[in-house]
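Chains as they are written, first to last, in the numbering used here: chain L, 1 to 163; chain V, 164 to 326; chain B, 327 to 489; chain F, 490 to 652; chain H, 653 to 815; chain R, 816 to 978.
Here's the structure, in structure tokens; my notes come after.
Number of protein chains: 6
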Amino acid sequence: MSDRSVAVYPASFDPITNGHLDLITRSTRLFERVVVAVGKNVAKSGLFSLEERIDMISGAVADLDRVEIDVIDGLLVDYVREKGAHVVIRGLRVLADFEYEFEMAMMNSHMNPDFETVYLMTSARWFFVSSSRLREIASFGADVSEFVPKLVAQKMKEKFARS
Amino acid sequence: MSDRSVAVYPASFDPITNGHLDLITRSTRLFERVVVAVGKNVAKSGLFSLEERIDMISGAVADLDRVEIDVIDGLLVDYVREKGAHVVIRGLRVLADFEYEFEMAMMNSHMNPDFETVYLMTSARWFFVSSSRLREIASFGADVSEFVPKLVAQKMKEKFARS
Amino acid sequence: MSDRSVAVYPASFDPITNGHLDLITRSTRLFERVVVAVGKNVAKSGLFSLEERIDMISGAVADLDRVEIDVIDGLLVDYVREKGAHVVIRGLRVLADFEYEFEMAMMNSHMNPDFETVYLMTSARWFFVSSSRLREIASFGADVSEFVPKLVAQKMKEKFARS
Amino acid sequence: MSDRSVAVYPASFDPITNGHLDLITRSTRLFERVVVAVGKNVAKSGLFSLEERIDMISGAVADLDRVEIDVIDGLLVDYVREKGAHVVIRGLRVLADFEYEFEMAMMNSHMNPDFETVYLMTSARWFFVSSSRLREIASFGADVSEFVPKLVAQKMKEKFARS
Amino acid sequence: MSDRSVAVYPASFDPITNGHLDLITRSTRLFERVVVAVGKNVAKSGLFSLEERIDMISGAVADLDRVEIDVIDGLLVDYVREKGAHVVIRGLRVLADFEYEFEMAMMNSHMNPDFETVYLMTSARWFFVSSSRLREIASFGADVSEFVPKLVAQKMKEKFARS
Amino acid sequence: MSDRSVAVYPASFDPITNGHLDLITRSTRLFERVVVAVGKNVAKSGLFSLEERIDMISGAVADLDRVEIDVIDGLLVDYVREKGAHVVIRGLRVLADFEYEFEMAMMNSHMNPDFETVYLMTSARWFFVSSSRLREIASFGADVSEFVPKLVAQKMKEKFARS
Chain L
1 MSDRSVAVYP ASFDPITNGH LDLITRSTRL FERVVVAVGK NVAKSGLFSL EERIDMISGA
61 VADLDRVEID VIDGLLVDYV REKGAHVVIR GLRVLADFEY EFEMAMMNSH MNPDFETVYL
121 MTSARWFFVS SSRLREIASF GADVSEFVPK LVAQKMKEKF ARS
Chain V
164 MSDRSVAVYP ASFDPITNGH LDLITRSTRL FERVVVAVGK NVAKSGLFSL EERIDMISGA
224 VADLDRVEID VIDGLLVDYV REKGAHVVIR GLRVLADFEY EFEMAMMNSH MNPDFETVYL
284 MTSARWFFVS SSRLREIASF GADVSEFVPK LVAQKMKEKF ARS
Chain B
327 MSDRSVAVYP ASFDPITNGH LDLITRSTRL FERVVVAVGK NVAKSGLFSL EERIDMISGA
387 VADLDRVEID VIDGLLVDYV REKGAHVVIR GLRVLADFEY EFEMAMMNSH MNPDFETVYL
447 MTSARWFFVS SSRLREIASF GADVSEFVPK LVAQKMKEKF ARS
Chain F
490 MSDRSVAVYP ASFDPITNGH LDLITRSTRL FERVVVAVGK NVAKSGLFSL EERIDMISGA
550 VADLDRVEID VIDGLLVDYV REKGAHVVIR GLRVLADFEY EFEMAMMNSH MNPDFETVYL
610 MTSARWFFVS SSRLREIASF GADVSEFVPK LVAQKMKEKF ARS
Chain H
653 MSDRSVAVYP ASFDPITNGH LDLITRSTRL FERVVVAVGK NVAKSGLFSL EERIDMISGA
713 VADLDRVEID VIDGLLVDYV REKGAHVVIR GLRVLADFEY EFEMAMMNSH MNPDFETVYL
773 MTSARWFFVS SSRLREIASF GADVSEFVPK LVAQKMKEKF ARS
Chain R
816 MSDRSVAVYP ASFDPITNGH LDLITRSTRL FERVVVAVGK NVAKSGLFSL EERIDMISGA
876 VADLDRVEID VIDGLLVDYV REKGAHVVIR GLRVLADFEY EFEMAMMNSH MNPDFETVYL
936 MTSARWFFVS SSRLREIASF GADVSEFVPK LVAQKMKEKF ARS
């Protein structure tokens, strides 16, 4: 079973939310090792630099064993192969995610038939929380501390105070 | 990790399709043991008896190691607990599945916070194949051998010849 | 091109609505002949007999040339082949139709690669009108004359007066 | 503004859930009087009699002012007119509700242009809770006390103990 | 009930369409005062300046009593609180709106539990009309006078003649 | 029937995929002439110039009779009228397409009641393939030769080698 026990969780984490953290935590109960793979480039509407995003994840997963943080820059199927992994974890939050995820799962299993994507439903408590929505409301001065790890709430406040 | 390596795949399997079989096969690569849990009661539009459904599954998974067939009669959370398992596998075929699955995942994790549902996307090749659609077209005399294991195609032909 | 100019429009027409009629009319502009194929059996919640449904369609399409009414009892792919047709017309009203239609289109083109389903969007004016919703509200005494041909409105009134 | 301050909330309430109760409570803040209109007939999969359903609602809304419980037997537009009301409240839980609600809103405003349906989103806390799902899991012996008023949890336990 | 009778209708109105106007009109029948809150900033694909958008709304609602036009620049929950209002009105046009609206409703009621969003379905007649689609087709020279107030049609023609 | 036998298939074809090609092929069986109408301007995320896109289509449809390639620059309804056509072909791939297509179909039939849009479901084999997804994964070095005509695969490789 060896390398089936390594799972890669790729996202842009801009920033990491309580929803992401919940998924990472649950994944550590399913797999022996979970690689949090931070996308190097983010959308134009991106807020935090790669370094900042990694810092915030590091703080958030400090208490979790068997979690590794890494940077992904290129094709997911290639990255997973290099890591010696076969399993990718994705969260499903809303219907709008579903079709994109379906297309990507089909594409990826075409490019590597040995590649498997495993989906977890985002917890009811966090399903309406997305990084993009948080960036949007935080830019208007909203307090997002209920939806993100402590460090992230502080960083977001600083970010928008400065800007 | 122990019991995290046992996954339960509950469905009515009326009858088992190539889509189900594909999911079982892929699950054996993710978990050490996969329990195919056949629902005792099926919908009013059901076709095969519990015994027939189990027979067809047995034939279909004969070449797969580490697969167990069992009957589930009651609440899924209770069954999973009794089995000493924590993980349930479900296939996502179409958007229409999504909301039902989301509701059930939320319900189940409320009833047992330690309960985890893992979703796999049905393969592109079989995503438009469902047991109910097959029962429908087979009842009009369609040949469904392309979509189901050999034994099932034969049984369906018999069923509708007799009826 | 010959037989490509014959299109089959299968539905249960229980009863025919203005939405159906609109689709038939538009189809006659796309194809040389349109076969309105009435499903022999309808759902348990059915209202009108096969004869009644055909009568109402006859009345509604009386002014349309090149429309034929027929009964379909069996597999659609078989029926279409017997008719020497290759094209099936379906209306898309709502998202909920979409996935069922997608599955059926895939199934049918698997069973007969030469089979083509052509979809038309239901007109904005009638997109919220379905036979089942009309049966539901008419059973509570609603006047549905705005949504169906004249004859149908009258028949529905009689039906529910009697019952 | 007078009769615009009366809102009718029609549903089958089989049984009333915490989601329903949340909606009734929020509606009393929007309208001067809220009529909880219990559908006389329920689906074949119904569980409680009209009397039982009304009893459970009565218990649940005992602390709420300006809430009236009534029975609706017929067309909603007619009922609303008789009540001298113009506003109907509906909860939106999931996408699957959306299209049905859209069709009904269109139908109703066609039948009475002065009729207005107002939608509230079900609270995040209860959005995955529906009466039908609760009946389903309670029938397998699940404890649903987290999702329904106290009295309802007790009645459901009795119902399934007896059956 | 006092401040429950003030409802805020926030949107970018770039430009106001017949769909918006229909919603404003219906809202004045539900609430004593309706504040049309024009978002200060619009998307990059925006067409009209804040002043132009306000002018066109003013013209369109001239015949409606109890409608106020205001500018919103910041977080909606903050704006609503400052206005002494509790109710926000939103139109639901298509399924694609639904999940965004659900997320925002959850977010907003988390940030202010006393905040209520009320949804109205866009009328059948206008449900396929959106400001962004109109900007798109008008930019290709389409006449949009059927879908917008007279003044808006004229302004759009000027805008695209000049550009 | 004359001009009903000319169908316009408008898209940006950036680049043409096997899914597009499948639709063009099937359309030639339904209509006497199929005009592949290439949109002059593409989204900001566009990859190929108009000339490159036309070249690739030319190569791909070389074996198909009765297919014409043209450029569309303006309103679709205007273009179709100038061509003396009445029928537009569109592919439906995923639910996400559906609402956009519905809106456009309604808009277009409002602007020209004689305008008809005909939808075909993308083949099961290609339904998860879109130009935008291919551009995305090819930019990361993925081999897309399985999803596009030979010439296109080569051009995409060159494009991303150069960039």
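Glycine residues also receive a C-beta, built at the ideal position from the N, C-alpha and C atoms.
Source: prediction; values computed, not measured.
Spatially closest choice to residue i from the options, by CA coordinates
i: R868 (chain R); options: R:V823, R:V853, R:D880, R:L879; result: R:V853
i: P825 (chain R); options: R:V967, R:L838, R:R819; result: R:L838
i: D707 (chain H); options: H:V729, H:A737, H:F665; result: H:F665
i: A631 (chain F); options: V:I252, V:A324, V:G247, V:S272; result: V:S272
i: V525 (chain F); options: F:V556, F:S534, F:E571, F:S538; result: F:V556
i: I561 (chain F); options: F:N601, F:V576, F:N530, F:V495; result: F:N530
i: H249 (chain V); options: V:A268, V:E321, V:I232; result: V:A268
i: E798 (chain H); options: R:N927, R:S960, R:G899; result: R:N927
i: S842 (chain R); options: R:P830, R:G861, R:V903, R:S860; result: R:V903
i: D885 (chain R); options: R:V849, R:L966, R:P830; result: R:V849
i: V455 (chain B); options: B:V470, B:F357, B:E377; result: B:V470
i: E427 (chain B); options: V:R296, V:R244, V:G247, V:E279; result: V:R296
i: R896 (chain R); options: R:E931, R:K970, R:W941, R:F942; result: R:E931
Test: residue i CB closer than 8 Å to a CB of chain V
i: A939 (chain R); result: yes
i: R53 (chain L); result: no
i: V6 (chain L); result: no
i: V566 (chain F); result: no
i: D70 (chain L); result: no
i: R33 (chain L); result: no
Span of the alpha helix (DSSP H) around residue i
i: L402 (chain B); result: 402-408
i: D218 (chain V); result: 213-223
i: G834 (chain R); result: 833-845
i: R167 (chain V); result: That residue, R167 (chain V), is in no alpha helix (DSSP H); it is neither H nor E in DSSP.
i: A138 (chain L); result: 131-138
Cutoff 8 Å: residue i Cβ touching any chain H Cβ
i: L512 (chain F); result: no
i: L966 (chain R); result: no
i: F454 (chain B); result: yes
i: M645 (chain F); result: no
i: E914 (chain R); result: yes
Chain F contact for residue i (CB, 8 Å cutoff)
i: I463 (chain B); result: yes
i: F265 (chain V); result: yes
In DSSP terms, what residue i is bridged to
i: I89 (chain L); result: L:V118
i: A124 (chain L); result: For A124 (chain L), which the question treats as bridged, DSSP gives no partner whatsoever.
i: Y498 (chain F); result: F:V525
Below-8 Å beta-carbon distance, residue i vs any chain L residue
i: V963 (chain R); result: no
i: L210 (chain V); result: no
Endpoints, beta strand (DSSP E) assigned at residue i
i: E394 (chain B); result: 393-398
i: G202 (chain V); result: 196-202
Neighbour flag for residue i against chain R, beta carbons, 8 Å
i: R392 (chain B); result: no
i: G793 (chain H); result: yes
C-beta neighbour in chain B for residue i, strict 8 Å
i: R253 (chain V); result: no
i: G563 (chain F); result: yes
Distance cut-off 7 Å: residue i Cβ against heavy atoms of the ligand NAP
i: P276 (chain V); result: Judged by which ligands are present, the structure shown has none, so any question about the ligand NAP falls away.
**Prompt:** Should the region 62-70 of chain L be called in touch with the region 85-104 of chain L, which here means at least 3 C-beta pairs below 8 Å?
**Reply:** Contact fails between the region 62-70 of chain L and the region 85-104 of chain L, because fewer than three Cβ pairs, one in each stretch, are under 8 Å apart.
**Asked** How about the region 442-449 of chain B and the region 342-358 of chain B: do they share at least three Cβ pairs that are nearer than 8 Å?
**Response** The region 442-449 of chain B, when compared against the region 342-358 of chain B, does touch it at the 8 Å Cβ threshold.
**Message:** If the cut-off is 9 Å on Cβ atoms, which residues from the region 432-443 of chain B count as contacting chain D, listed in chain order?
**Reply:** As a matter of chain content, chain D is missing from the structure shown, whose protein chains are L, V, B, F, H and R.
**Request:** Check whether the region 132-142 of chain L touches the region 721-737 of chain H, taking contact to mean three or more Cβ pairs, one atom from each stretch, closer than 8 Å.
**Result:** For the pair of segments examined, the region 132-142 of chain L was found to touch the region 721-737 of chain H: the number of CB pairs separated by less than 8 Å reaches three.
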